[in-house]
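So the sequence shown is numbered by the working numbering: it starts at 82 and just counts up by one.
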Amino acid sequence: MVRLLLERLVSRSSSLSFAAFRNVTVRFAAIPKFVSYSSTQSNGIEDPQNSLEDLRVPNHWCDPSKALEESEWLRVTLHKWLDDEYCPEPTNVEISNVAANSFYKSLVEKQTDVGEILLKMALELESISYQESFHGAFSSANAAVNLIMQRIALE
């Protein structure tokens, strides 16, 4: 799914190539890990070396009313963050609206995987013109997901 979203993003942008994503790094806030263990030792103790980090939004956020609440929180928080981090500009309003709408759609579609939410959001943020802005689709989506991860950590 992640590869498919990346390929769709690349196909929509004439200035991007799939090779450009080879060294893409996504930074997430320090959060408590949601761990699923693939095996346990014979004494029943879980082996952390055999664990995978599972970055997901909480399932109860997929309830439509909670999804609306969380997406509105993201719209307001991302807009403020963009204004504070760079400078206030009209594009910040558009970025925060598109990101919040994308997040809402992901939640009501029961999409909880943070990586897939990020890529879908970046794809939708490609619809914005960043010509007179400090931002881009991926930096905006990355900032939004970073804020989402910080919010998850507070739960």
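Heads up, the beta-carbon is just placed ideally off N, CA and C, and yes, glycines get one too.
Residue i versus residue j - alpha carbon distance
i: E197; j: C143; result: 15 Å
i: A225; j: L159; result: 6 Å
i: D194; j: A222; result: 14 Å
i: E151; j: L204; result: 20 Å
i: N182; j: E170; result: 19 Å
i: L188; j: S177; result: 16 Å
i: E207; j: K201; result: 10 Å
i: E213; j: T172; result: 8 Å
i: Y211; j: A218; result: 8 Å
i: F102; j: Q192; result: Bear in mind that a pLDDT of 46 at F102, under 50, signals an unreliable position, so the number given afterwards is only what the model happens to contain. If I take the Cα positions, the gap works out to 23 Å.
i: P145; j: Q231; result: 21 Å
i: E236; j: D165; result: 24 Å
i: H141; j: K186; result: 15 Å
i: P312; j: A234; result: Nothing in the structure corresponds to residue 312, since the chain is present only between 82 and 236.
Residue range of the unbroken alpha helix (DSSP H) whose run includes residue i
i: I233; result: 218-235
i: I198; result: 195-206
Residue of the options minimising C-alpha distance to residue i
i: E153; options: L206, D165, V179; result: V179
i: F220; options: E150, L163, L235; result: Phe is not the amino acid found at residue 220; the sequence shown has Ser there. Per the Cα distances, L163.
i: A148; options: S214, F184, I229; result: F184
i: Y167; options: L206, F215, L228; result: F215
i: L155; options: S208, E170, P171, E175; result: E175
i: V157; options: L228, K191, I233; result: L228
message = Extract the residue ranges of the alpha helix (DSSP H) inside the region 123-191, only unbroken runs of 4 or more that lie entirely within it.
response = Counting only runs of 4 or more residues that sit fully inside the region 123-191, the alpha helix (DSSP H) segments are 145-166, 171-189, in chain order.
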